[in-house]
Amino acid sequence: MDGIGTEDDAGSDAGDDRTDGGAWVGLFSGGKDSSWAVYRAMKRGLPLSRLVTVHPAGDSYMYHVPATELASLAAESIGIPLVEVSPDDFHAEEATDSGRQGDAELEPLEVALADVDDELEGGLAGVTAGAVESEYQTSRIEAMCERLDCELYAPLWREEPRELAEAMLEVGFEIVIVQVAAEGLDESWLGRRLDRDALAELEALSEEYGVHLLGEGGEFETLVVDGPHMDRRIELSSEPVWEGTRGRLRVTDASLE
Numbered sequence: 001m002d003g004i005g006t007e008d009d010a011g012s013d014a015g016d017d018r019t020d021g022g023a024w025v026g027l028f029s030g031g032k033d034s035s036w037a038v039y040r041a042m043k044r045g046l047p048l049s050r051l052v053t054v055h056p057a058g059d060s061y062m063y064h065v066p067a068t069e070l071a072s073l074a075a076e077s078i079g080i081p082l083v084e085v086s087p088d089d090f091h092a093e094e095a096t097d098s099g100r101q102g103d104a105e106l107e108p109l110e111v112a113l114a115d116v117d118d119e120l121e122g123g124l125a126g127v128t129a130g131a132v133e134s135e136y137q138t139s140r141i142e143a144m145c146e147r148l149d150c151e152l153y154a155p156l157w158r159e160e161p162r163e164l165a166e167a168m169l170e171v172g173f174e175i176v177i178v179q180v181a182a183e184g185l186d187e188s189w190l191g192r193r194l195d196r197d198a199l200a201e202l203e204a205l206s207e208e209y210g211v212h213l214l215g216e217g218g219e220f221e222t223l224v225v226d227g228p229h230m231d232r233r234i235e236l237s238s239e240p241v242w243e244g245t246r247g248r249l250r251v252t253d254a255s256l257e
């Protein structure tokens, strides 16, 4: 593997060069970051044949956790078949520290990707990931791609957070906040659209509390309900669940418009 392909070095020609080597898979939670990576890969001409969603059983060091059950609706709207990795495949509870837990959480994903590699004509050429700043996650995904002998395309990696957020809004991503877990983020943020007004407030919270503008530290999680890569918008019925210092959006019904 040549390393992490980014927005700067994975242009349209790069996508064309890789089409002969097999198909691509998008690591996909339905959140804004993985959705942006999938969207950019599609724009670059990378032949995405599958999306893969991991459903952790509880809190995770490696994966976006809330509302991953809606990834199937998002994948249907995008028009790419989805492979789902079940919580039953996890053995992270056997790990004794964060490093070993991250490695344990990666194992079922790697097995799923190896199976996809066997199924796809020409094998697995590469994987997209929505990593922004997390060395913990990215180093493990990069090592996994080395073992699978495939490329990694991470167009958000080390990009400026405000510019990324603005780019998502500019192309028409509709982003809903589905979980918050940080000082300064209260119940009113649950179900709120991540728009330019919200970004301005997050910048103020970043200065006061250190909240990451994209929620990279787990301060908040999102769901993309519409975008230019989706044929139909996800319509949600939901209610907030607040637990004193953190909360999540409980989705009671979801469908494609």
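When the count follows full-length UniProt numbering, it moves up by one through the sequence shown with no breaks and lands on 257 for the last residue.
Even glycine gets a Cβ: it sits at the ideal position worked out from N, Cα and C.
Predicted model only: the values in this text are computed from it and were never measured.
For T128, the enclosing beta strand (DSSP E) begins and ends at 124-128. Inclusion of V111 and V83 in the CB contact set at 7 Å is not warranted, their separation being larger than that value.
In its chain, beyond the 5 residues on either side, V38, L48, L51, T128 have a beta carbon closer than 6 Å to the beta carbon of G26. Taking the Cα of L236 as reference, the smallest distance to any Cα among L249, L169, W242, P228 is reached at L249.
The Cβ-Cβ distance between V211 and F173 does not fall below 7 Å. Per DSSP, Y136 has no beta-bridge partner at all. Within its own chain, the residues whose Cβ lies closer than 7 Å to the Cβ of E76, once the five positions on either side in sequence are excluded, are L256, listed in chain order. For G22, the closest C-alpha among the options E201, G45, G126 is that of G126. Excluding its 5 nearest sequence neighbours in each direction, A254 has C-beta neighbours in its own chain below 8 Å: L70, L73, I234, E235, L236, S237, listed in chain order. In terms of CA proximity to L190, R246 leads the group R246, E121, D149, E135. Distance between T222 and A182, taken at the CA atoms: about 14 Å. Less than 7 Å divides the Cβ of I175 from the Cβ of L194.
Within the model, the alpha-carbon separation for G30 versus D226 is close to 10 Å.
With a threshold of 16 other beta carbon atoms within 10 Å, R196 falls short and is exposed. Annotated three-state conformation of T245 is coil, per DSSP.
Setting aside the 5 residues that flank it on each side, A41 is surrounded in the same chain by W24, G26, L48, T128, Y153, each with a C-beta closer than 7 Å to its C-beta; the list follows chain order. CA-to-CA, the gap between I80 and E135 works out to about 28 Å.
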